[in-house]
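For reference, the structure discussed in these notes is given below.
In the UniProt record's numbering, the protein residues as written are 1 to 344.
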């Protein structure tokens, strides 16, 4: 079955098209991204601006058409912290549904953590024992721990790389004083969460997911993405400390020139590195394995599981009947074509 997963994050909208069936690894067929910086498109009252909503609607409409042309039977569309925290989130969701035909659903932070953990567990298998997973997004940090597919601890904290860049590191490059202040603040913020994770048990394997961790690992010498997903990649605490001292003195433009750092991620990579460092320090982790699967794969896996056990998981949009044409009408690519001739 060909599925589309549409992920509306704080910084980007990402469409992943996969061929998937229960019991097998989802095979990625295509990946399409657009940078929206939705978390920055909010006004002083916390509402997503009209311009931000316009860009979101047009991007979802465009990506839904890509899902159709890619042969997707279903499209699972979800949004995370930027939409979740917006004061006008319900209005934005209603507009997306009305203008695109796509039902965009908001994932709670704990659900993000749980679904990401599921993907990690399936990637490493049962033999990995207790896994602790760290995931840094634009708006939040997810922590989870468990020995099964369902984590015993699943937390979501408002410590995303984009959020902390806006709140703590406005200068370019960020000053040493602000970096030191953010380090101290993160230690305090992670105190209770780290206790909850560690009380569940010491990990047999520490794992990290998300583009932020992959970029940090690449900057410290891990293999590039071109080497494939099955190449082992790691990020060490020592390597991360050295990296922070280097990139925190660079401008955003200079960081964007580094291999493994995209232009859209360059502004927030310092804050992301500081969150990674603080999380590893709080959990007494010396190194993390970088897992190629994360939230989107977790959503796919849960969808396949729910099909087998008959339990509803996430409302999906049958994209064959969801995409609107240029005239605003819903298009069914399986329906017989409408006659263009004169009416009888």
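Glycine is no exception: its CB is placed at the ideal position from the N, C-alpha and C atoms.
### Task
Kindly give me the distance between the Cβ atoms of residue 208 and residue 235, rounded to whole angstroms, as I take these residues to be in contact under 8 Å.
That belief holds up - the Cβ atoms of residue 208 and residue 235 are roughly 6 Å apart, short of 8 Å.
### Task
Indicate the three-state DSSP secondary structure (helix, strand or coil) for residue 74 in the structure shown.
strand
#### Entry: DSSP three-state assignment for residue 304, whether helix, strand or coil
helix
### Per DSSP, cross-strand counterpart(s) of residue 160
Its beta-bridge partners do not exist; DSSP assigns none.
### Outcome for residue 323 when other beta-carbon atoms lying within 10 angstroms are tallied against a minimum of 16
The pLDDT assigned to residue 323 is 47, lower than 50, so where the model puts this residue is not dependable; a value taken from the coordinates is nonetheless given after this. When all chains shown are included, residue 323 counts as buried.
### Query
How about residue 86 and residue 23: do their beta carbons lie closer than 8 Å?
no
### Query
Can the beta-carbon of residue 240 be found less than 8 Å from the beta-carbon of residue 212?
no
#### Entry: Local Cβ density within 10 Å of residue 20, reported as buried at 16 or more and exposed below that
buried
### Cβ separation of residue 3 and residue 74, assumed to be a contact under 8 Å, to the nearest whole Å
With a contact defined as Cβ atoms closer than 8 Å, residue 3 and residue 74 qualify at about 6 Å.
#### Entry: Buried versus exposed call for residue 148 [16 or more other C-beta atoms within 10 Å across all chains shown]
exposed
### Query
Does the stretch 76-91 come close enough to the stretch 117-129 to have 3 or more Cβ pairs within less than 8 Å?
No: fewer than three Cβ pairs fall under 8 Å.
### Query
So, residue 166 versus residue 215, is the Cβ gap smaller than 8 Å?
no
### Query
How about residue 118 and residue 302: do their beta carbons lie closer than 8 Å?
yes
### Message
My assumption, with CB atoms under 8 Å, is that residue 141 sits in contact with residue 63. Please give the rounded CB distance.
### Response
Contact doesn't hold; Cβ gap of about 26 Å is too wide.
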